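What follows is a single structure, written as structure tokens, with notes after it.
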């Protein structure tokens, strides 16, 4: 086809003289900045490697903390009046005299004696002023009179308190012991713990807190003439912040032996102890059968540990549980055989037999029975 020939620069604008494309300039700047950042990273990495090769500076020893404030005890005097509390009304206290404050700034390392010289006249003036204020505020009150009550229930004014009157401690010892026995001895002389407790001894036990004389005389009757029966408590309880109810077990027995003290522990004479395993329904938090056995109960082990120091007259034992007690249960037997008594009995029940072998019980009875008796036979 014949026609007009195409030009090579057709449709293209001719660049002006001195024209520079901006896209090329931006690409060059980006490459330059990227190369510069890489160089900076290499320098930082080399410096960090050099610092890591250097040995770390040891941390200096911290200075000792300042001494704490003195401990606040209950018997300390109350604080004085604050500003604006002094007044003259019925329920306002008198304004206190300003106290003298002595402040000593002792530098660290001071070992020499510290001598303080006070003017005697200043102290005498302060003492005289305090005495005068106390005498001015002192109001004489008549002594408190004890008004006796007659048979009709009316108060009589015929006599005041007589310090020479007959008191409880003036009674003969036989009469006081009779009063103690009527107050402290349980029915049939048996005090059971836990869910089998028929009567609590808390009300009669409060009588021991009357005075030291009553406590020292009556403790031997409460602990020595009653038979204490300890067994596993099947009830459950939990503190307010715990959702899981846990079996009481031997916790109350341990608490009783621990709070009574070593002195009262010496008064115990007759004890009956029943060993039994925990039930699965009450102890779901114990995952294995072996963990529910009484030979692995830490509270029971602690009870046996404390009873080693008791001077028992009779010790009655009952062995329950899922399986019999064997010689291989050395942890439990090592604490049980250390309890000594004049007479050790294995109680027989009507429905269950004791879970202990004949030969093991013979050895236990011989080891736990005291060779030299402490008490005469009844």
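Numbering (this note's numbering), first residue to last: 853 to 1230. Every residue, glycine too, gets a C-beta built ideally from N, C-alpha and C. Keep in mind that this is a model prediction, so the values were computed, not measured.
Where residue i sits in the DSSP three-state scheme
i            : result
residue 1167 : strand
residue 998  : The predicted position of residue 998 is uncertain, since its pLDDT is 47 and thus under 50; no value can be drawn from it.
residue 984  : helix
residue 939  : Here residue 939 scores only 48 on pLDDT, less than 50, and its place in the model should not be relied on; the value that follows carries that caveat. Note: residue 939 maps to coil in three-state DSSP.
residue 1039 : helix
residue 1105 : helix
residue 1190 : coil
residue 1181 : coil
residue 1066 : helix
residue 1094 : coil
residue 1160 : coil
residue 1031 : helix
residue 1197 : strand
residue 1077 : coil
residue 1059 : helix
residue 971  : coil
residue 1085 : strand
residue 1044 : strand
Selected residue, minimal CA-CA separation from residue i, among the options
i            : options                   : result
residue 1116 : 1168, 1029, 968 and 1069  : 1069
residue 1127 : 1121, 1134, 959 and 1105  : 1105
residue 1190 : 1085, 1161 and 1197       : 1161
residue 1158 : 1224, 1113, 968 and 1077  : 1113
residue 1197 : 1131, 1173, 1164 and 1180 : 1164
residue 1132 : 1141, 1124 and 1125       : 1141
residue 1028 : 1014, 978 and 1072        : 1072
residue 1045 : 1200, 1123 and 1218       : 1123
residue 1103 : 1092, 1119, 1084 and 1171 : 1084
residue 953  : 965, 959 and 975          : 975
residue 1203 : 1192, 1195 and 1170       : 1170
residue 1226 : 1118, 1210 and 1135       : 1118
residue 1195 : 1205, 1213 and 1166       : 1166
residue 1034 : 1057, 1016, 1192 and 965  : 1057
residue 1090 : 913, 1134 and 1207        : 1134
residue 1193 : 1223, 965 and 1205        : 1223
Expected contact under 8 Å - CB spacing of residue i and residue j to nearest Å
i            : j            : result
residue 1173 : residue 1137 : Not really, about 19 Å apart at Cβ, beyond 8 Å.
residue 1144 : residue 1154 : Wrong, their Cβ atoms sit about 18 Å apart, outside the cutoff.
residue 1151 : residue 1101 : 6 Å
residue 1199 : residue 1168 : 5 Å
Item to check | Three or more C-beta pairs below 8 Å linking the stretch 1088-1098 and the stretch 1178-1192 | outcome: With a cut-off of 8 Å, the stretch 1178-1192 and the stretch 1088-1098 do not count as touching, because too few Cβ pairs lie within range.
Checklist entry - Counting only runs that start and end within the stretch 1115-1154, where is the beta strand (DSSP E) found for 3 or more residues in a row? => result Listed in chain order, they are 1122-1127.
Item to check | At least three beta-carbon pairs within less than 8 Å, the stretch 1075-1090 to the stretch 1034-1048 | outcome: With a cut-off of 8 Å on Cβ pairs, the stretch 1075-1090 is in contact with the stretch 1034-1048, counting three or more such pairs.
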